[in-house]
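Working notes, structure below.
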Amino acid sequence: MSISLPALEPLLPGLLLVGVAILLLMYEVFAGQADRTYAAHLAVVGLGLSMFLSLKAVGTPRALLFGTDLANAPLIVDDFARVASALVAAAGLVAALLSPSYAKNAGHDHGEYYGLILFAVVGMMIMSMAGDLMTFFLGLETMSIAVYALTGLRAHDPRSTEAALKYFLMGAFATGFLLFGIALVYGATASVSLATLATFKAGSPLLTLGIALILIGFAFKVAAVPFHMWAPDVYEGAPTPVTGFMAVGVKAAAFIALLRLVHSGLGVSAQTDSTWIPILSALAVLTILVGNVLALVQQNVKRMLAYSSVSHAGYLLIGVVAAARGEASAGSAIIFYLTSYTFMTLGAFGVLTFLERKEGGPESERYGAFAGIGFRHPALGMAMSLFMVALAGMPPTGGFFGKLYLFTAAIRAEETWLALVGIAGSLISVYYYLRVIVAFYMREVPEPGPTPTATRSAQLTLGVALAAFFVLQLGLFPAPLLALTKSAMLSLGL
316 MSISLPALEP LLPGLLLVGV AILLLMYEVF AGQADRTYAA HLAVVGLGLS MFLSLKAVGT
376 PRALLFGTDL ANAPLIVDDF ARVASALVAA AGLVAALLSP SYAKNAGHDH GEYYGLILFA
436 VVGMMIMSMA GDLMTFFLGL ETMSIAVYAL TGLRAHDPRS TEAALKYFLM GAFATGFLLF
496 GIALVYGATA SVSLATLATF KAGSPLLTLG IALILIGFAF KVAAVPFHMW APDVYEGAPT
556 PVTGFMAVGV KAAAFIALLR LVHSGLGVSA QTDSTWIPIL SALAVLTILV GNVLALVQQN
616 VKRMLAYSSV SHAGYLLIGV VAAARGEASA GSAIIFYLTS YTFMTLGAFG VLTFLERKEG
676 GPESERYGAF AGIGFRHPAL GMAMSLFMVA LAGMPPTGGF FGKLYLFTAA IRAEETWLAL
736 VGIAGSLISV YYYLRVIVAF YMREVPEPGP TPTATRSAQL TLGVALAAFF VLQLGLFPAP
796 LLALTKSAML SLGL
């Protein structure tokens, strides 16, 4: 089948990133020991253009690529995919801005670092466009392989190598579940198309088992309990900007793909209520409670943020349950929450990026290591306080409206008890988020005091500033993004 160039226009945001990534990799081969700042700048420009092209295309007709209808099109480029692509491109852009000074300081300022970020974003875009399970799997593996490599870039740091190995082994294990599940689904339906899957009713044990295994694969990627064991060690050992990118990008791509699966593959099926909603509800409750309780007892800030990320996966699963119930507002609430979570989490890791010592180590990430930072670096202290307040879900931040919309959708879907569990988890989280602010402003400063060795670069400052701006913007003026997310969900028929 021949494909004309105009027919590929809907894929332009992703194709642009592939071209820039290949250019970065090739230039690195011939650049010798040249300054790698160019790589960050080129990556930021590419991601910015990709995000612009994705948002510009919102409102245009849906494109079915390499197929004629929903049942045989592996790629579906609709407003849902366009908004999702813009979101993951924004996550990559902020991560690229946070990286130059840290990468140089940590000794891994190579062009392939930014190329891998771009390839990971392309994989996330493919996941959001997937019209069948195999295309989703290809996007997932494109993203995962790039993130595995990014996790282990600090070759001289045993923690980074250990984190990469654990992530790879656990990821391969989860991939086995996912592939086996896809095989069972194909055996039951003779198709891997989401549209075809939606037409099958309850009663097939093979189909039920296949979907259960697929959900286990999803649960691993979003670090839902009990598939969260990898998250603390990987988050702690990975380079700090990579940890932020992994925490938001991987989670956003997985939940967006899950949302399409729930609507297109499960939401129409009669088996949704009887089989999957109780399972998803139990996952949500366990993830919220375990994530928040374990975050309470952490002494390492990166590990605290890892368990915090687990709890946020639980809040998002509440939205997935509401979407499976057919609640129209749940999908837009999930995308709004993911957007808010992207900026407040990347902003927090941006502050940690500046404060991390060159020698690294867990001692430099403990609460006590940040004593007095709020007075020594006032702008960073204010920014970190904003991000912690937003993660706790307090107004006037995007985190507050994200949780408000999610819990409201759950109540409308007659899942009030899940909303109450989410509120209880949010109240618990206030304690460990405020511990960071207490460390910044209310701990006695040791002598000679914490002195970060990272260089404050213009890129790092811009990345943290952008994150802070959008956290406040989404809290003070949430309507524009909410309208955009509703447009995205309308393209799915919700």
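Position one of the sequence shown corresponds to residue 316 (the numbering used here), numbered consecutively onward.
Where a beta carbon is used, it is the ideal one built from N, C-alpha and C, also for glycine.
Treat the numbers as computed from the prediction; the structure is a model and nothing was measured.
Among the options, which has the Cα closest to the Cα of residue i?
{"i": "valine 736", "options": "Leu331, Ala648 and Leu604", "result": "Leu604"}
{"i": "alanine 567", "options": "Phe651, His471, Phe492 and Ala510", "result": "Phe651"}
{"i": "leucine 598", "options": "Leu609, Leu632, Ala572 and Val616", "result": "Leu632"}
{"i": "glutamate 427", "options": "Glu477, Arg750, Leu340 and Leu390", "result": "Leu340"}
{"i": "glycine 559", "options": "Ser624, Ile743, Arg575 and Gly454", "result": "Ser624"}
{"i": "proline 376", "options": "Ala628, Ile688 and Asp393", "result": "Asp393"}
{"i": "alanine 445", "options": "Ser475, Val577 and Glu551", "result": "Val577"}
{"i": "phenylalanine 542", "options": "Ala418, Ser414, Phe488 and Gly361", "result": "Phe488"}
{"i": "glycine 407", "options": "Ala724, Gly564 and Leu719", "result": "Gly564"}
{"i": "glycine 438", "options": "Asn420, Val403, Asp472 and Ala628", "result": "Val403"}
{"i": "serine 506", "options": "Leu431, Asn387 and Ala553", "result": "Asn387"}
{"i": "tryptophan 732", "options": "Pro554, Tyr630, Arg474 and Ser369", "result": "Tyr630"}
{"i": "threonine 602", "options": "Leu796, Gly740, Pro556 and Thr668", "result": "Gly740"}
{"i": "phenylalanine 669", "options": "Ala562, Pro554, Ala724 and Thr590", "result": "Pro554"}
{"i": "serine 579", "options": "Asp447, Leu775, Thr523 and Gly689", "result": "Asp447"}
{"i": "isoleucine 460", "options": "Val398, Ile738 and Phe483", "result": "Phe483"}
{"i": "tryptophan 545", "options": "Asp472, Tyr622, Leu573 and Ile391", "result": "Tyr622"}
{"i": "alanine 698", "options": "Leu721, Val500, Ala663 and Gly708", "result": "Ala663"}
{"i": "isoleucine 738", "options": "Ala725, Ser369 and Ala572", "result": "Ala725"}
{"i": "leucine 799", "options": "Tyr353, Val398, Phe722 and Ala780", "result": "Val398"}
{"i": "glycine 486", "options": "Val537, Thr523 and Pro473", "result": "Val537"}
{"i": "serine 443", "options": "Ile432, Met458, Leu431 and Ala694", "result": "Met458"}
{"i": "valine 360", "options": "Leu380, Glu343 and Tyr429", "result": "Tyr429"}
{"i": "alanine 464", "options": "Ala354, Lys371 and Ser475", "result": "Ser475"}
{"i": "proline 793", "options": "Thr654, Val436 and Ala572", "result": "Thr654"}
{"i": "leucine 499", "options": "Pro520, Thr511 and Tyr353", "result": "Pro520"}
{"i": "isoleucine 391", "options": "Leu777, Lys801, Ala754 and Ala572", "result": "Ala572"}
{"i": "asparagine 420", "options": "Val751, Thr352 and Thr383", "result": "Thr352"}
{"i": "proline 693", "options": "Phe755, Thr723 and Leu667", "result": "Phe755"}
{"i": "alanine 479", "options": "Pro473, Thr466 and His471", "result": "Thr466"}
{"i": "alanine 401", "options": "Leu796, Leu807 and Lys481", "result": "Leu796"}
Starting from residue i, follow the alpha helix (DSSP H) in both directions and report where the run begins and ends.
{"i": "valine 557", "result": "555 to 560"}
{"i": "proline 547", "result": "545 to 552"}
{"i": "tryptophan 591", "result": "Taken as a continuous stretch (DSSP letters only), tryptophan 591 belongs to no alpha helix (DSSP H), as it is neither H nor E."}
{"i": "leucine 805", "result": "794 to 805"}
{"i": "tyrosine 630", "result": "616 to 639"}
{"i": "methionine 757", "result": "Careful: methionine 757 lies outside any alpha helix (DSSP H) and carries neither H nor E."}
{"i": "threonine 814", "result": "Nothing can be reported for residue 814: it is not among the residues displayed for the chain, which extend from 316 to 809."}
{"i": "leucine 777", "result": "773 to 791"}
{"i": "threonine 352", "result": "352 to 371"}
{"i": "threonine 523", "result": "520 to 536"}
{"i": "leucine 573", "result": "566 to 575"}
Per DSSP, residue i is paired with what?
{"i": "serine 508", "result": "Asp447"}
{"i": "alanine 378", "result": "Val392"}
Is there a Cβ from chain C that is less than 9 Å from the Cβ of residue i?
{"i": "lysine 371", "result": "Considering every chain present, this structure includes no chain C. It has just one protein chain."}
task: Identify every run of the beta strand (DSSP E) within the segment 380 to 421, keeping only runs that are complete inside it and at least 3 residues long; order them along the chain.
output: Complete beta strand (DSSP E) runs here, min 3: 390 to 392.
- prompt: Which parts of the segment 432 to 481 are runs of the alpha helix (DSSP H), unbroken and 4 residues or longer, counting only runs that do not cross its ends?
  reply: Runs of the alpha helix (DSSP H) inside the segment 432 to 481: 448 to 466.
- request: Check whether the segment 635 to 647 touches the segment 694 to 709, counting contact only when three or more Cβ pairs, one atom from each stretch, lie closer than 8 Å.
  value: Contact fails: fewer than three Cβ-Cβ distances are below 8 Å.
Inter-stretch contact (C-beta, 8 Å, three-pair minimum) for the segment 482 to 502 and the segment 530 to 549: Using a C-beta cut-off of 8 Å, the segment 482 to 502 makes contact with the segment 530 to 549, since at least three inter-stretch Cβ pairs fall below that distance.
task: Let me know the alpha helix (DSSP H) ranges lying completely inside the segment 672 to 731, each 4 residues or longer, listed in chain order.
output: Inside the segment 672 to 731, DSSP marks whole alpha helix (DSSP H) runs of 4 or more residues at positions 688 to 691, 693 to 707 and 713 to 727, from first to last along the chain.
contact_flag[the segment 678 to 698, the segment 603 to 620] where n(CB pairs < 8 Å) is 3 or more: Under the 8 Å Cβ criterion, the segment 678 to 698 counts as touching the segment 603 to 620, having at least three qualifying pairs.
- prompt: Any chance the segment 656 to 675 sits against the segment 711 to 720, with 3 or more Cβ pairs inside 8 Å?
  reply: Counting Cβ pairs under 8 Å, three or more are found: they touch.
- prompt: Is there contact between the segment 363 to 377 and the segment 328 to 344, where contact requires at least three CB pairs shorter than 8 Å?
  reply: With the cut-off at 8 Å, the segment 363 to 377 and the segment 328 to 344 touch.
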